[in-house]
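Reviewing the structure listed below.
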Amino acid sequence: ALSAQQHREQDKHMLALPVKCADSRHAVDWPGALHKYVKEAYSKKQAEAHKAAFKSVGELRKEVASIRTFTETNVEGARAVLIKYERLLAAMERRFQMQSMPLEFCWKDAFKPNVKQGEANTCFERTVVLFNLAAAASFAAITQKRTDVEGIRTACQQFQQAAWLLMVVKDMVAASSWGQQTSLDLHPACLDMLQKLMLAQAQRCFYERAEMDQKSPKLLASLAAQVRDFYSEVYDAMRAPPLKLYLDNSWTEYVLWNFKLFEGLTHYHAAAEHAAQYEYGKQVARLSLAAESVKQSASLSSKAPPQLRAIYEEAAKKVGREYALAAKDNSTVYMEIVPPVSSLVSISGRVVGGALAPPELTENSSHTRSADPFVHLVPASVQQDLERFVDEARRRTEKIFHKLDQAVADGKNRLLELDLPHALQAVVVGTVGDSTRDSSTDSAAS
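Going by this note's numbering, the first residue of the sequence shown is number 59, and it counts up by one from there.
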C-alpha cells in the first residue's frame, strides 16, 4: 500500500489550477455601498433594517478574498465559502441594480500575480469566484486516492465540474463589456485550454477505472486515444499565441510527457487487440510505435521529481518488454510480415462523460434557495415594472376622463346649437301652466 506522501507524489502527474488572489490593497466596502443603494432605492427604514445583512455580505467577501491557496485541510471549507458568495452575488444581481453601486473589484492574474485587473462590475467578481471554484475542484481531484474505485470516481467528477465551471466563465467573459481587455488567465484561449486540460484528466480517470476493471483492449485503446487527443489539443494551445510565452514551462512539459505516454498506451492496447485476432505482424508494428512513444515520454521527463519520473520510466519498461517478447515470438514462431507503421489504421478516441455542473450551483439546490438575505426587498426590476404599470394606469385613466369631459362639453355645445335647452324649458313651463289651468277649472265646476 502507498503512504499518504507517496499518493501526493504520484498525483503530481495531474495538474490543478492556480488561485486568483484578491488585491489586498484594494478594499471593497459592500456594507457602505448596499446601505446607500437601499436607502435611495427603497427607504431609510429598509436600509437600517438590513444593516446586519449588509455586514454579512462584507464579511463573506473578506473570507473569499483571504483564499490564497488550497490544502487538503482547507479546500472543502474554501469551496463552501466560494459557493455561498457566488450564490449571494447571483441573488443580488437579480434583485438590485448593481451598476448603481460604485464598487471596483481588483484581482490578480492566476499565473502572473504581478498582473492585476479591476472592474466596477459584479459580473467580473462572479467570474473570478467561479474560476476559483474550478481551481478548488481541480485541487480536490488531484488529492483523491485513485487506487480505489471511489477515489477515481470522485476525482473524475471534480475534474468534470472544473471543466463546467471554466465553460461558464468563458461564456460570462464573452458576454461582458470588459471581455476584450482581460488578464490572460481569463482570455478565451486560456480558458478553452484549461477546460480541455480538465477534460483530459477526467478522461484519464475513466481510463484508469477501465484498466482497473480489466476492460477489453479495444475499449482501453479508444479511451487512451481520447486522453492523447485532449493532451494534443492542450499542448498545441500552449505553444501558440497568446499562451506561448505566458505559462510556466513546467506545464507545457507535463502535457507533452502525457501526450507521448498516452500515444504509446493507445498503440499498446491496440496491439493486444491485434494479438487477440492472431494478427502478430500488426501487433509487432503497433508495439514498435508504443515503445517509441513511451520511451520519448520517459526521456522528456528525465529531470522530473523521482516519483513522477518513475511513472513514465515504468511504462517504458513495461511496453519495451512486451515489444521485445512479441518481436521474438513473431520471428521464431509466427513469422508474419511486419507491415510498415504507416499502413496501420489510426485509433479514434472515445469521449466518456464531459463537463458536469456542481449540484450546489443548480437552480433547484438548497444553496440557491437560501442564498438571498434580502427577500423582503422587492427586486428592482419588479419595482420598475410596478412603477411603469402605475404610470401607465394613471395615463390611461387621465385619457379616459379627458375624453369624457370632452364628450360632455361637445354635448352641451350641440344642445345649444339646437336651442334644445330653451325649448325644453318652454315645454316644461307650458306643461305646468296647462296642468294648473285644468286643475282650476275642475275646482270651479265642482
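Note that CB positions come from ideal geometry on N, CA and C, so glycine has one too.
Model, not experiment: these values are computed from the prediction.
Here the C-alpha atom of Gln-272 lies approximately 28 Å from the C-alpha atom of Val-391.
Minimum Cα-Cα distance from Pro-300 among the listed residues Ala-220, Leu-244, Ala-111 corresponds to Leu-244.
Residue pairing for Phe-197: DSSP places it in no beta bridge. When the Cα atoms are used, Arg-297 and Leu-314 turn out to be separated by approximately 11 Å. If you draw a straight line from the Cα of Ala-429 to the Cα of Phe-154, it is about 14 Å long. Its chain contains Gln-175, Val-231 as the residues whose beta carbon lies nearer than 8 Å to that of Thr-240, once the 5 sequence neighbours on both sides are disregarded; these appear in chain order.
Residues of the same chain with a CB within less than 6 Å of the CB of Tyr-95, apart from the 5 flanking positions on each side, are Ser-158, Met-159 in chain order. Here Cys-164 carries a strand assignment [DSSP, helix/strand/coil].
Note on geometry: alpha-carbon atoms of Ala-385 and Val-342 lie some 6 Å from one another.
Exposure of Ala-451 is indicated by the presence of fewer than 16 other C-beta atoms within 10 angstroms of its C-beta.
For the pair Ile-141 and Glu-418, the CB atoms are nearer than the 9 Å cut-off. Around the beta carbon of Gln-238, fewer than 16 other beta carbons sit within 10 angstroms, so the residue counts as exposed. Between Pro-89 and Lys-102, the CB-CB gap reaches or exceeds 9 Å.
Between Phe-163 and Phe-189, the CB-CB gap reaches or exceeds 9 Å. If you ignore the 5 residues before and after Tyr-381, its C-beta comes within less than 8 Å of the C-beta of Val-342, Leu-345, Ser-346, Ala-348, Ala-349, all in its own chain and listed in chain order. In this structure, the CA atom of Tyr-293 is about 20 Å from the CA atom of Lys-170. Restricting attention to Val-139, Leu-319, Val-403, the CA atom closest to the CA of Val-122 is found in Val-139.
Going by DSSP, Lys-340 is part of the alpha helix (DSSP H) stretching over 338 to 358. By alpha-carbon distance to Leu-191, the top candidate from Gly-378, Cys-79, Leu-277, Val-173 is Cys-79.
Between the alpha carbons of Glu-177 and Phe-320 lies a distance of about 42 Å.
When Leu-147, Lys-166, Thr-185 are compared, the shortest CA-CA separation from Asp-81 is found for Lys-166. Segment contact: the region 396 to 408 against the region 274 to 294, three or more CB-CB distances shorter than 8 Å; contact assigned.
Residue burial is scored here from C-beta neighbours: Leu-474 has fewer than 16 other C-beta atoms within 10 angstroms and is therefore classed as exposed. From the listed residues Pro-416, Thr-324, Val-433, the smallest Cα separation to Leu-402 is found for Thr-324.
Where Lys-174 is concerned, the enclosing beta strand (DSSP E) starts and stops at 174 to 177.
Under the three-state reduction of DSSP, Ala-429 is assigned to coil, being neither helix nor strand.
Taking the C-beta atoms as reference points, Tyr-304 is found no nearer than 9 Å to Ala-258. Sequence-distant Cβ neighbours of Leu-146 in its own chain, meaning closer than 6 Å and more than five residues away, are Ala-429.
The Cβ-Cβ distance between Ser-359 and Glu-311 falls below 9 Å. Contact between Tyr-370 and Ser-389 fails: their C-beta atoms lie close to 28 Å from each other, not under 8 Å. For Ala-232, the uninterrupted alpha helix (DSSP H) run begins and ends at 207 to 233, by DSSP. A direct Cα-to-Cα measurement between Ala-85 and Gln-219 gives close to 31 Å. Sequence-distant Cβ neighbours of Leu-255 in its own chain, meaning closer than 7 Å and more than five residues away, are Leu-73, Val-292. Here His-460 is exposed, its C-beta having fewer than 16 other C-beta atoms within 10 Å. Inclusion of Arg-267 and Ile-210 in the CB contact set at 9 Å is warranted, their separation being smaller than that value. Shortest Cα-Cα distance from Lys-375 to any of Ala-362, Lys-457, Lys-353, Lys-361 involves Lys-353.
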